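Undergrad: This is the structure I have questions about; it appears just below.
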Amino acid sequence: MRRLVRTRFAPSPTGFMHIGNLRTALYAYLLAKKDGGAFILRIEDTDQNRYVEGAVDVIYDTLKVCGLYWDEGPDIGGNCGPYIQSERMGIYKDYAVKLVEMGKAYYCFCTKERMEALHEEQKANGETPHYDRHCRDLPLDEVQKLLDSGAEYVIRQKVPLGGETIFNDVIFGEIKNPNKDLDDQILIKADGMPTYNFANVVDDHLMGITHIVRGNEYLSSTPKYNLLYEAFGWDIPVYIHAPHIMRDSTHKLSKRDGDAYFGDFINKGFYIPAIINYIALLGWAPKGEREIYSLEELTSEFDVSGISKSPAIFDEVKMKAINAEWLRALPHDEFKTVIMPYVKETVKHEDIDFDLLADCLQPRAELLTDIPEKVDFIDSVPEYSNDLYVSKKMKTTPQTSLDALKSLLPIIESIDDFSFNNIHAKIMEMITEKGVKNGVILFPLRTALSGKAMTPGGGTELAAILGKTETIKRIRDGIAHIEAN
RNA sequence: GGCCCGUUGGUCAAGCGGCUAAGACGCCACCCUUUCACGGUGGAAUCAUGGGUUCGAUUCCCGUACGGGUCACCA
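Residue numbers (numbering that gives the first Met the number 0): 0 to 484.
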């Protein structure tokens with residue numbers, strides 16, 4: 000029988016959710032959920048020097064708002080807990096000692112000072128710094144003596160001196176590494192804490208992880224992981240090393256431009272499902288030509304064969320386009336709910352037609368943060384020049400605009416049912432009668448109502464949004480404005 | 001530097017020995033139009049490079065160039 004897929008996301012709490020990490024979490028989530036498997040959250044905090052207040056909450060919150068719910072984790076428990084490494088300390092040491100007993104690891108009493116000197120010397124000789132295996136073959140009784148004397152020690156992995164380690168990655172295929180290039184890495188540090196690499200292997204096994212989704216940077220250390228699995232006689236998981244997300248061809252996404260953290264994009268006005276949609280597409284391509292997917296749709300469409308080998312450059316312009324497409328496709332009520340907080344930033348008036356406003360905004364909203372500026376004319380008309388009444392395309396001048404506004408005024412005043420359709424019908428009637436182009440009348444109306452060159456709707460829409468009283472007032476103001484200059 | 005990995009338009013990418021080398025974003029033009037958008041139509045633009053293998057290479061192999069990753073008592 001096939002094992003149920005179990006994936007995990009194992010971030011270390013740094014206080015921020017890097018967009019690359021979020022994508023790794025997403026892929027791990029999708030891989031598990033596609034198969035009805037389990038997605039596990041584990042916090043890797045073995046470095047006590049890096050403790051950041053509230054960092055774990057950032058991880059929880061980000062995953063939750065993105066809809067990446069976990070089946071087992073520190074807060075909800077599970078059968079393989081605890082899910083925070085700092086609470087699992089005893090476990091690692093026991094396994095390391097077991098490894099020593101099996102001859103696959105050894106105690107090393109080399110001091111940090113000796114290591115530093117060694118590395119300096121190696122560097123001076125043009126070598127890559129590495130451990131010289133000084134303690135690898137220490138006689139057992141001597142080891143015991145040192146242990147009894149309370150000497151400080153670490154436990155190192157005993158990597159085979161020759162041969163090569165071969166492993167298979169779902170994305171990259173077969174990868175071979177000569178064992179002689181592998182260092183006898185530290186498993187347990189002098190403070191008794193496991194190193195990341197070791198804790199990772201032990202926990203992944205103990206938690207029954209079947210598929211490991213992680214960044215490409217682990218490709219080089221995977222042989223060491225596998226040697227550990229083999230030493231313990233454990234099943235080697237399926238590896239999926241995802242390519243990096245880059246800022247440009249030579250740099251990874253960085254904090255510098257505010258383009259590395261999930262929160263940065265929320266601040267820039269991106270809609271969360273669109274962010275998820277876009278990052279899913281960075282380094283992974285679905286089968287067909289569609290590219291707008293909800294998390295649920297991604298779950299059924301996701302297939303590791305679509306993950307590419309080469310790094311992807313993050314393109315905020317493209318993400319913006321995806322964002323706009325998402326916003327346009329939202330049902331009216333949902334769109335309105337999403338934008339209202341942004342609308343309220345500049346619109347304090349309550350007596351306007353927010354539903355019509357939302358409809359006008361919807362095809363024009365790219366980023367949520369663009370909205371306040373788009374609707375700022377609603378509360379008050381900004382200062383503007385009569386040049387705004389000049390349009391070559393609409394064939395208008397301040398003079399024709401003055402005429403237009405003057406003939407519009409009685410019509411607007413006569414309308415009782417001040418709905419868009421009704422206003423539109425009445426104005427069109429007048430336009431037909433006059434035998435002029437629509438723009439000759441409607442362009443000045445829009446200008447008088449907004450005082451802006453670009454608005455989220457035409458003259459008729461703005462009138463309906465603002466309501467009769469305000470529309471009349473603004474037409475009068477417009478007339479006075481033109482006459483005064 | 002050693003080892004590992006990658007390279008299709010500006011960007012994301014499909015392709016998996018034979019195609020006029022998809023599609024999307026962006027860009028340009030036109031149409032629609034009460035501004036700007038939305039929408040529609042069309043256009044420019046790509047297989048890093050040199051050798052092989054093959055009747056035939058974007059696709060397979062080798063080298064080169066370029067780029068990335070990794071070599072911690074960090075994760």
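Heads up, the beta-carbon is just placed ideally off N, CA and C, and yes, glycines get one too. All values reported here derive from a predicted model rather than from experimental measurement.
Counting along the chain, where does the beta strand (DSSP E) carrying C107 start and finish?
TA: Here the beta strand (DSSP E) through C107 covers A104 to C107.
Undergrad: For S390 versus F442, is the C-beta distance shorter than 8 Å?
TA: Against a cut-off of 8 Å, the Cβ pair of F442 and S390 comes out as a contact.
Undergrad: Considering K175, what are the terminal residues of the beta strand (DSSP E) in which it resides?
TA: From DSSP, the beta strand (DSSP E) with K175 extends over G172 to P177.
Undergrad: Compare the beta carbon distance of R213 and T61 with 8 Å and say whether it is the shorter of the two.
TA: No, the Cβ-Cβ distance between R213 and T61 is not below 8 Å.
Undergrad: If I measure Cβ to Cβ from L181 and keep anything under 8 Å in the same chain, skipping five residues before and after, which residues do I get?
TA: Correct list, in chain order: V158, T164, P222, K223 and L226.
Undergrad: For the structure I just gave you, are there three or more beta carbon pairs, one from the stretch 201-218 and one from the stretch 232-252, closer than 8 Å?
TA: The answer is yes - the stretch 232-252 touches the stretch 201-218, with three or more Cβ pairs under 8 Å.
Undergrad: I'd like to check one pair, K392 with I410: are the Cβ atoms closer than 8 Å?
TA: No. Outside cutoff.
Undergrad: Give the DSSP-derived three-state secondary structure of W283 in the structure shown.
TA: Strand, per DSSP.
Undergrad: Nearest to I187 by alpha carbon, out of I271, K254, D168 and V99?
TA: Residue V99 is the option with its Cα nearest to I187.
Undergrad: Compare the C-alpha of N176 against each of E115, A479 and G162 and name the closest.
TA: Residue G162 is the option with its Cα nearest to N176.
Undergrad: Using the rule of at least 16 other Cβ atoms within 10 Å of the residue's Cβ for burial, across every protein chain shown, is K308 buried or exposed?
TA: Looking at its Cβ environment, which holds fewer than 16 other Cβ atoms inside 10 Å, K308 is exposed.
Undergrad: Does I351 come out as helix, strand or coil in the three-state DSSP assignment?
TA: Correct three-state label for I351: coil.
Undergrad: Measure the C-alpha to C-alpha separation of L367 and T454 and round it to an integer number of angstroms.
TA: Whole-angstrom Cα-Cα distance: 16 Å.
Undergrad: Decide if the stretch 109-120 is in contact with the stretch 79-87; the criterion is three or more beta carbon pairs, one per stretch, under 8 Å apart.
TA: Touching, no, given that fewer than three Cβ pairs across the two stretches are closer than 8 Å.
Undergrad: For the stretch 368-380 and the stretch 342-360, state whether three or more C-beta atom pairs, one from each stretch, are separated by less than 8 Å.
TA: Flag = yes, the stretch 368-380 and the stretch 342-360 touch.
Undergrad: Helix, strand or coil for R22? Go by DSSP, reduced to three states.
TA: R22: helix per DSSP, three-state reduction.
Undergrad: In or out: I278 buried (at least 16 other Cβ within 10 Å) or exposed?
TA: So I278 counts as buried.
Undergrad: Would you grab the beta carbon distance between G456 and I464 for me? Rounded to a whole angstrom, and I think it's under 8 Å.
TA: 7 Å between Cβ atoms; contact.
Undergrad: Just to confirm my understanding: we take R327, look at its own chain, exclude 5 residues before and 5 after, and list those with CB closer than 7 Å. What are they?
TA: Closer than 7 Å at Cβ, skipping near neighbours: Q361 and P362.
Undergrad: A479 and I440: beta carbons closer than 8 Å?
TA: Their beta carbons are not under 8 Å apart, which means A479 does not touch I440 by this criterion.
Undergrad: In or out: N485 buried (at least 16 other Cβ within 10 Å) or exposed?
TA: With the chain represented from 0 up to 484, any question about residue 485 goes unanswered, as that position is not in the structure.
Undergrad: Do you know how far the Cα of P285 is from the Cα of S219?
TA: Cα to Cα, the separation comes out at about 28 Å.
Undergrad: Might you give, ordered along the chain, the residues of its own chain that have their beta carbon closer than 7 Å to the beta carbon of L25, omitting 5 neighbours on each side?
TA: These residues qualify, in order along the chain: L67, I275, I278 and A279.
Undergrad: Count the other CB atoms within 10 Å of the CB of Q156; is the residue buried (16 or more) or exposed (fewer)?
TA: Classification of Q156: buried, given that the 10 Å Cβ count is 16 or more.
Undergrad: Under 7 Å Cβ to Cβ from P128, same chain only, skipping five residues before and after it: list those, please.
TA: These residues qualify, in order along the chain: H118, Q121 and K122.
Undergrad: CB G14 to CB G53, shorter than 8 Å?
TA: The answer is yes: Cβ separation under 8 Å.
Undergrad: Is DSSP giving H17 helix, strand or coil here?
TA: In this structure, H17 counts as strand in the three-state DSSP scheme.
Undergrad: With distances taken from CA atoms, which of V237, A311, W325 and N20 is nearest D247?
TA: Minimum Cα distance to D247 is reached at A311.
Undergrad: I18: which of K254, V96 and F301 sits nearest, CA to CA?
TA: Nearest option by C-alpha distance: K254.
Undergrad: Quick test of your reading: T45 and Y270, contact by CB under 8 Å. State the CB separation rounded to the nearest angstrom.
TA: Between Y270 and T45 the Cβ distance is about 36 Å, and since that is not below 8 Å, they are no contact.
Undergrad: Specify, as a first and last residue, the run of the beta strand (DSSP E) that D93 falls within.
TA: Note, D93: premise wrong, no beta strand (DSSP E); alpha helix (DSSP H) at M88 to E100.
Undergrad: For the alpha helix (DSSP H) holding D332, just list the boundary residues, first then last.
TA: First-last of the alpha helix (DSSP H) with D332: H331 to T345.
Undergrad: Taking the C-alpha atoms as reference points, what is the distance between A9 and E290?
TA: Each residue's Cα considered, the two are about 28 Å apart.
Undergrad: DSSP state of P193, grouped into three classes?
TA: Of the three classes helix, strand and coil, the one that applies to P193 here is strand, per DSSP.
Undergrad: Would I75 and P12 be called neighbours here (beta carbons separated by less than 8 Å)?
TA: Result no, Cβ atoms of I75 and P12 do not sit closer than 8 Å.
Undergrad: Nearest-angstrom Cα distance between P193 and R41?
TA: About 15 Å.
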